[in-house]
Each structure stands twice: as structure tokens, then as C-alpha cells.
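Q:
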Amino acid sequence: MGVHVETVVSDQEVFNDVKIWNNISGDLKKALYNCRALDGMTPFQEYCNALSMVVPGALCLYLCLWPSSGLWWTWRMSIIAAAVLLHLPFSMAFHLLLAQRKLQHSSNNTARRLDQTFIHVTCMASAAALSTSEVYCSLCILLNMYFISRLWAFRDAGVTERMANIGMAVLLYWVPPLLRGDFQNTACGVGYFVLGALCMHFRLGGWGHSLLHILSGGLCYHILAAGAF
Ligand SMILES: [Zn+2]
């Protein structure tokens with residue numbers, strides 16, 4: 001009997017939801033639907049975002065499988081490649097869910113937090129691979145762990161803080177190569193990152209995010225090249 005009552009209540013709730021949905025204005029319906037789109041990107045642009053994330057991962061696999069094609073493979077590069085490949089499914093999942101409009105809110109969701117968590121894991125791996133100082137490496141790992149905690153906190157980081165944290169995490173792992181005198185990889189790596197960030201910031205008709213992903217392939221190449229020692 002209890003089950004019967006629950007079913008009746010649940011049907012009533014669904015009925016109420018439909019009634020509410022039918023009564024709200026077209027503008028509000030549009031606003032609720034727009035909440036599911038990140039920066040106004042279309043589903044097709046989100047599929048392109050998911051696909052373009054393959055670029056850095058494919059580059060790592062290519063250089064690992066055919067080392068003679070460019071760089072001599074080292075254990076440092078293995079750490080970087082493993083982290084880049086680990087991030088790939090989380091990033092693709094986030095963009096595919098956005099493409100299918102399956103997330104109720106485009107940024108306040110677990111998929112976005114997981115994507116950015118693994119960006120920080122990639123930054124930790126890059127710091128560990130490019131630094132020869134245990135103290136500096138530990139500092140970078142601790143800082144990235146703090147940045148990850150800010151993604152999951154009850155009062156979590158807003159978009160400006162999140163972007164600043166990612167920017168800081170990237171710049172930090174370039175300090176050791178810079179101090180070693182590896183100016184070429186540092187300048188090119190930071191250059192690709194800044195260019196990608198500008199593309200995302202200015203959106204470029206919704207294609208800026210895909211361009212950021214493609215340019216992160218260039219960043220990835222120079223992190224690997226900086227780790228070839
Ligand atoms: Zn992305």
C-alpha cells in the first residue's frame with residue numbers, strides 16, 4: 001500500500017513539473033536551455049572540442065612509438081605522456097556531455113571539475129618531470145593539490161580563480177627549464193599556452209576552445225622536448 005501511495009505522489013510530481021514547464025515563458029525556457037551550453041558553443045563545436053583534445057595525446061603516442069622521428073624518449077617524458085593520456089578521457093567526456101546538452105549547468109558539474117582536476121594532475125607530472133629539485137617538485141605538487149581542493153570545495157573557485165590557478169600551475173613547471181637555460185622550449189611552450197588562452201578568452205565565434213586544444217599539442221611537444229634529458 002505504501003508503494004501505491006508513493007507512485008501516486010510521484011505521478012503528481014511529474015504532472016506538476018510538466019505544468020510548471022508549460023506555464024513558464026519562452027524566454028525562461030531559453031535561459032534554462034542556455035545554462036547547458038558552455039560560452040554559447042553549439043553542439044557541433046562541442047563535438048569538435050572533444051575531438052581536438054586527441055591532438056596532445058596522439059602526439060605523445062607518436063613520439064613514444066617512433067622516438068627516432070624527433071626526440072629520444074626518457075623516463076621524464078613517460079611521466080608527462082602518462083598524465084596527458086590520463087586527462088584525455090575526462091576532457092572528452094566533459095565536452096561530449098556538453099555537446100549532448102546532458103549537463104544541467106555547463107560549468108557547475110562534476111565532469112568540469114574532473115576535467116580541471118586532471119589538468120592539474122598533468123601540471124604536477126610536468127613539474128615532477130622537468131624539475132631536478134625535490135623541494136621545488138614537492139612545492140608544485142602541494143600547490144596543485146590546493147588548486148584541486150578549490151575545484152571541489154563547498155564554496156568553490158569562480159572562473160577567474162580557476163583560470164589564474166591553471167595559468168600559475170603551467171608557468172611554475174617552466175621555471176626549472178628556464179633556469180637550466182632551455183630558453184627555446186620555455187619560450188615556445190609558454191607561447192603556445194598564452195596563444196591558446198587568448199583564443200579561448202576571445203572565443204572566436206565559438207572556435208577558440210578547439211584552437212586552445214590544438215595549440216596545447218604544441219605546448220605538450222615542448223614540455224616533452226624539455227624533458228628529453
Ligand atoms: Zn576543453
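Its first residue numbered 1, the sequence shown is counted upward by one per residue in UniProt numbering. Even for Gly, the Cβ is constructed at its ideal location relative to N, Cα and C. Bear in mind that the values here come from a model prediction, so they are computed numbers and not experimental data.
1. Please name the residue, chosen from Met77, Pro89, Ser216, that lies closest to Ser126 on a Cα-to-Cα basis.
2. Can you give me the C-alpha to C-alpha distance between Thr122 and Leu195, rounded to a whole angstrom?
3. Please determine whether the Cβ atom of His120 lies at a distance below 7 Å from any heavy atom of ligand 1.
4. State the DSSP-derived secondary structure class of Gln116, mapped to helix, strand or coil.
5. Considering only residues of the same chain and omitting the five flanking positions on each side of His4, which have a CB-CB separation below 8 Å?
6. Relative to the alpha-carbon of residue 231, which residue among Ile20, Gln104, Leu103, Leu114 has its alpha-carbon at the smallest distance?
7. Please list the segments of the alpha helix (DSSP H) lying wholly inside the segment 91-142, counting only runs of 4 or more residues, in order along the chain.
8. Should Asn49 be counted as a contact of ligand 1 given a C-beta to heavy atom distance under 7 Å?
9. Along the alpha helix (DSSP H) that carries Ile214, what are the first and last residues, could you check?
10. Rounded to a whole number of angstroms, what is the C-alpha to C-alpha distance between Val190 and Ser210?
11. Can you name the start and end residues of the alpha helix (DSSP H) that Thr160 belongs to?
12. Our contact map puts Leu38 next to Tyr221 with C-beta atoms below 8 Å; I'd like the distance itself, whole angstroms only.
13. Are there any heavy atoms of ligand 3 lying less than 7 Å away from the beta-carbon of Gly189, as far as the coordinates show?
14. Can Val55 and Gly227 be called in contact, C-beta distance under 8 Å?
15. Please look up how many angstroms separate the CB atoms of Leu103 and Ala93, rounded, as I've assumed it's under 8 Å.
16. To the nearest whole angstrom, what separates the beta carbons of Pro89 and Thr132, a pair I think is in contact under 8 Å?
A: Here's the rundown:
1. Met77
2. 19 Å
3. no
4. helix
5. Annotation note: pLDDT 48 at His4 (below 50); position unreliable, coordinate value reported separately. If we look at His4 and ignore the five residues flanking it on each side, it has no Cβ neighbours.
6. Coverage of the chain is limited to positions 1 through 229, which leaves residue 231 absent and any answer about it impossible.
7. 110-130
8. yes
9. 208-226
10. 18 Å
11. 159-173
12. In fact, because the Cβ distance is near 27 Å, the residues do not count as touching under 8 Å.
13. You won't find ligand 3 in this model; what it holds is ligand 1.
14. no
15. With a Cβ gap of about 11 Å, Leu103 and Ala93 do not count as contacting.
16. With 8 Å as the limit, Pro89 and Thr132 do not qualify as a contact, their Cβ atoms being about 31 Å apart.
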